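Novice: So the sequence shown is residues 0 to 537, counted in numbering that gives the first Met the number 0.
Would you mind keeping the following structure in view while I ask a few things?
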Amino acid sequence: MHALPHYPFRRPRELDGGPAPRHSVVVVGGGLTGLTLALDLARRGVPVLLLDDDDTVGVRGLASRGICWAQRTLDIFERLGVAPRIVAKGVRWNVGRVLCADLPVTSFTLQDQPDLRHNGFANLQQYYVEQYLVEALQAEPLADLRWRSEVTGLAQRDDHVELTVHTPAGDYALEADWLVACDGAFSPCRALMGLAPKVHDRTEDRWIIIDVTVKDCTWAEERWTWLDASGNNGRAVWRHKMADDTWRLDFQLREDEDPHAAATPEAMRRRVQALLGDELDFDVAWSGAWAYRHECLESMRHGHALFAGDAAHLVAPFGARGGNGGVQDADNLGWKLALVLQQPGADVDLLLDSYSQERREGALENIRQARRSSRFVYPRGQASVQLWRDAIMALAPTLPWAARLINTGRLSAPSVYRNSPLIEGADAGTALPDVLLDAGGGQSLHRLLGPWFTLLVFGDSAPQALQHPLLQVVAVGPHCDTSGRAALLRQLGVDAGGGEAWLIRPDQHLAARRADAGSFDLQQALAPYSDALHPTTA
Numbered sequence: 000m001h002a003l004p005h006y007p008f009r010r011p012r013e014l015d016g017g018p019a020p021r022h023s024v025v026v027v028g029g030g031l032t033g034l035t036l037a038l039d040l041a042r043r044g045v046p047v048l049l050l051d052d053d054d055t056v057g058v059r060g061l062a063s064r065g066i067c068w069a070q071r072t073l074d075i076f077e078r079l080g081v082a083p084r085i086v087a088k089g090v091r092w093n094v095g096r097v098l099c100a101d102l103p104v105t106s107f108t109l110q111d112q113p114d115l116r117h118n119g120f121a122n123l124q125q126y127y128v129e130q131y132l133v134e135a136l137q138a139e140p141l142a143d144l145r146w147r148s149e150v151t152g153l154a155q156r157d158d159h160v161e162l163t164v165h166t167p168a169g170d171y172a173l174e175a176d177w178l179v180a181c182d183g184a185f186s187p188c189r190a191l192m193g194l195a196p197k198v199h200d201r202t203e204d205r206w207i208i209i210d211v212t213v214k215d216c217t218w219a220e221e222r223w224t225w226l227d228a229s230g231n232n233g234r235a236v237w238r239h240k241m242a243d244d245t246w247r248l249d250f251q252l253r254e255d256e257d258p259h260a261a262a263t264p265e266a267m268r269r270r271v272q273a274l275l276g277d278e279l280d281f282d283v284a285w286s287g288a289w290a291y292r293h294e295c296l297e298s299m300r301h302g303h304a305l306f307a308g309d310a311a312h313l314v315a316p317f318g319a320r321g322g323n324g325g326v327q328d329a330d331n332l333g334w335k336l337a338l339v340l341q342q343p344g345a346d347v348d349l350l351l352d353s354y355s356q357e358r359r360e361g362a363l364e365n366i367r368q369a370r371r372s373s374r375f376v377y378p379r380g381q382a383s384v385q386l387w388r389d390a391i392m393a394l395a396p397t398l399p400w401a402a403r404l405i406n407t408g409r410l411s412a413p414s415v416y417r418n419s420p421l422i423e424g425a426d427a428g429t430a431l432p433d434v435l436l437d438a439g440g441g442q443s444l445h446r447l448l449g450p451w452f453t454l455l456v457f458g459d460s461a462p463q464a465l466q467h468p469l470l471q472v473v474a475v476g477p478h479c480d481t482s483g484r485a486a487l488l489r490q491l492g493v494d495a496g497g498g499e500a501w502l503i504r505p506d507q508h509l510a511a512r513r514a515d516a517g518s519f520d521l522q523q524a525l526a527p528y529s530d531a532l533h534p535t536t537a
């Protein structure tokens, strides 16, 4: 496995006596979600303290870690400046194949979308992604990263949170206006607050990940799924290519298998060879046994404490919905916390409660999709489901409609916030992809959008009379070449005649849509975000 970096412990100033300053935001947990949120906050001008009880990135115990980064996640990482490194180091794939009882059943190709900056998936070990995020944070003067800092006490007050932090140099106390717990599936912060997530599904369905480095490999860089694989006791297997000539193999275990015995070097080698052949020359780079469960907090906000990532919700990794969902949590929360802290009169409860409502809706959708995939992959004695699945698999090689019903994991997709108080209209709530606007790829939709809100006008000129410190007005026409304008209209489904105006949120989700810019009451639309600022019209 790639040698993980180890970050030094530095004695915190709170241990040196004197009054400790109150921190604007404390993020607990230096994993994927916490690092993404901290970087977003720092880039938005919010001082942020990140505490992590470890001193490295990636694997913490025997837990599955993400490798598949979806288009929406790559768009978010593009804004944060780390996507180019992820794409350059990772493996892009667009083809997936499904086998049942070792026989090919169907394949799919993700739609190639040359109009978009990112499409398909990029596969890269999570520790690389976290390392890139750490390095980006280290360059931010407003970010304070503290390693080997474990939260052992937590108390809510009327307007802040008090924490006790254990370090190698001793314990200390600190205060935070806002706490965001991104401390994983067994969240200590959640336990300290006496919170328990609602269990939506907990099974004894257990798996073992075996990451193998294969020498002189000629396999195509595709996702392969085996259902009822003879080389895995009639259970499912996934195969994905990652960086460093490494392949991820996910093996479903039998109910009677001991996961510890399955993780011994000899047992893992036998399992890999049973699937891929005795002649395969490989090394085990990493392994981990896991059992999935589906959980979600009833609310992701509790006073001045918020929860994100696995601390807020857990979902089986069918379709790569876990880590990608955590990144969307961070993307949703970052701008809202920044407005709460930076804009006088911002509606705190509306903004932060909307985070809980929107992201809980996204988490429950991920759980629904993963549960459906789980039932298809292994019906677990459900006779009717087994019969239905067997029929689908038999028809799929010759009937496209049957092939489309195969559900080995509906791939991660951006959340759509249909029921949010911050979204107006049935056709709003979607995340806009980063459409390329010129042939060279230098200009794209997301690079046109402002750091806060953007009024996107589909025409050759934008009304200059609309002014607001949180608003940027952009006309599509002047920034596009002919092909770029066509691509944008096609991707967003806008009439080529122009004239429409879209209000875009800081997280690139469509907040509202009008037939023309003049029909927006911007004072009303932007009032929840800062009632001390008044838009004007000439």
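Glycine included, every Cβ here is placed at the ideal spot set by N, Cα and C.
Remember, it's a predicted structure, so these values are computed and weren't measured experimentally.
For C181, which three-state DSSP category applies?
Specialist: Coil, per DSSP.
Novice: Using the C-alpha atoms, what's the distance from G408 back to S373?
Specialist: Approximately 8 Å, taken between the alpha carbons.
Novice: By Cβ distance, which residues of its chain are closer than 7 Å to S355, with the 5 residues on each side in sequence left out?
Specialist: Cβ within range, chain order: S298, M299, R300.
Novice: I need the boundaries of the beta strand (DSSP E) containing C295, first residue and last residue.
Specialist: Taken as a continuous stretch (DSSP letters only), the beta strand (DSSP E) holding C295 covers 281 to 295.
Novice: Considering only the alpha carbon of each residue, which of L469, L488, I207, E278 lies closest to A256?
Specialist: In the sequence under discussion, the amino acid at residue 256 is Glu, which differs from the Ala named in the question. Comparing Cα-Cα distances from E256 to each of L469, L488, I207, E278, the minimum goes to I207.
Novice: Which runs of the beta strand (DSSP E) fall wholly inside the segment 207 to 244 and span at least 3 residues, in chain order?
Specialist: List check, beta strand (DSSP E) in window: 222 to 228, 234 to 240.
Novice: Enumerate in chain order the residues of its own chain whose CB-to-CB distance from S63 is below 7 Å, with the five nearest sequence positions on each side excluded.
Specialist: Any answer about S63 is weak, because its pLDDT of 46 lies below 50 and its placement is not dependable; what the coordinates show is given next. So the qualifying residues of the chain are I208, G287, W289, P316.
Novice: Cβ atoms of R512 and E499: under 8 Å apart, would you say?
Specialist: In contact: E499 and R512 (Cβ atoms closer than 8 Å).
Novice: If you measure between the beta carbons of A310 and D182, is that distance less than 8 Å?
Specialist: Result yes, Cβ atoms of A310 and D182 sit closer than 8 Å.
Novice: Suppose the cutoff is 6 Å on Cβ atoms and the five residues either side in sequence are ignored; what does the same chain contact list for A184 look like?
Specialist: If we look at A184 and ignore the five residues flanking it on each side, its Cβ neighbours are D309, L313.
Novice: In angstroms with no decimal places, state the Cα-to-Cα distance between D170 and E149.
Specialist: In a straight line, the C-alpha of D170 is about 9 Å away from that of E149.
Novice: Mind the definition here: the segment 80 to 97 touches the segment 213 to 226 only if three or more C-beta pairs lie below 8 Å; say whether that holds.
Specialist: Because the criterion of three Cβ pairs below 8 Å is met, the segment 80 to 97 and the segment 213 to 226 touch.
Novice: Can you give me the start and stop residues for the alpha helix (DSSP H) that A260 sits inside?
Specialist: Residues 258 to 261.
Novice: Within the same chain, show all residues whose beta-carbon is closer than 7 Å to that of P477, passing over the 5 residues directly before and after it, in chain order.
Specialist: D459.
Novice: Looking only at DSSP bridge pairs, what is N122 linked to?
Specialist: Per DSSP, C67, V90.
Novice: Counting only beta-carbon separations shorter than 8 Å, does D215 have a partner in chain B?
Specialist: Any reference to chain B falls outside this structure, which holds one protein chain only.
Novice: Given T105, which residues of its chain have a CB within under 8 Å of its CB, disregarding the five upstream and five downstream residues?
Specialist: Cβ within range, chain order: R96, V97, A395, P396, A402, I405.
Novice: Is it the case that the Cβ atoms of G302 and Q155 are separated by a distance below 8 Å?
Specialist: Cβ distance < 8 Å, so G302 and Q155 count as in contact.
Novice: Might you give, ordered along the chain, the residues of its own chain that have their beta carbon closer than 7 Å to the beta carbon of W501, omitting 5 neighbours on each side?
Specialist: Closer than 7 Å at the Cβ level, and outside the excluded window around W501, lie L455, L509, R512.
Novice: Can you tell me whether DSSP reads T151 as helix, strand or coil?
Specialist: In the structure shown, T151 sits in a strand (DSSP, three-state: E or B).
Novice: Is the separation between the beta-carbon of R417 and that of A369 shorter than 8 Å?
Specialist: No. Outside cutoff.
Novice: Going residue by residue through the segment 461 to 514, where are the continuous alpha helix (DSSP H) segments of at least 4 residues, counting only ones entirely within it?
Specialist: Correct list: 481 to 491.
Novice: According to the neighbour-count rule (16 or more other Cβ atoms, all chains shown, within 10 Å of its Cβ), is L73 buried or exposed?
Specialist: Counting Cβ neighbours within 10 Å, L73 comes out buried, since at least 16 surround it.
Novice: Tell me, to the nearest whole angstrom, how far the beta carbon of V211 is from that of D282; I am working on the premise that it is less than 8 Å.
Specialist: 7 Å between Cβ atoms; contact.
Novice: Since L136 contacts G44 with CB under 8 Å, what's their CB separation in whole angstroms?
Specialist: About 15 Å separates the two Cβ atoms, so there is no contact after all.
Novice: Suppose contacts are defined by Cβ-Cβ distances below 8 Å. Is R71 in contact with Q327 by that definition?
Specialist: The answer is yes: Cβ separation under 8 Å.
Novice: Is it buried or exposed, A358, if we count other Cβ atoms within 10 angstroms and call 16 or more buried?
Specialist: With the sequence shown as reference, residue 358 is identified as Arg, and Ala is not the correct amino acid for it. Buried: at least 16 other Cβ atoms inside 10 Å.
Novice: In this structure, does DSSP put Q251 in helix, strand or coil?
Specialist: Strand at Q251.
Novice: Considering only the alpha carbon of each residue, which of P527, R42, L226, S186 lies closest to L421?
Specialist: Nearest C-alpha to L421: P527.
Novice: Let me check one thing: in DSSP terms, what residues is Y171 bridge-paired to?
Specialist: Looking at the DSSP assignment, Y171 forms a beta bridge with V164.
Novice: What separation, rounded to the nearest whole angstrom, lies between the Cα atoms of A19 and L173?
Specialist: So the two alpha carbons sit approximately 7 Å from each other.
Novice: Answer yes or no: the CB of Q341 versus the heavy atoms of the ligand HEM, is any distance below 7 Å?
Specialist: Because no ligand of any kind appears in the structure shown, any question about the ligand HEM cannot be addressed here.
Novice: By the three-class DSSP mapping on this structure, what secondary structure does D143 have?
Specialist: Residue state, collapsed to three classes: strand.
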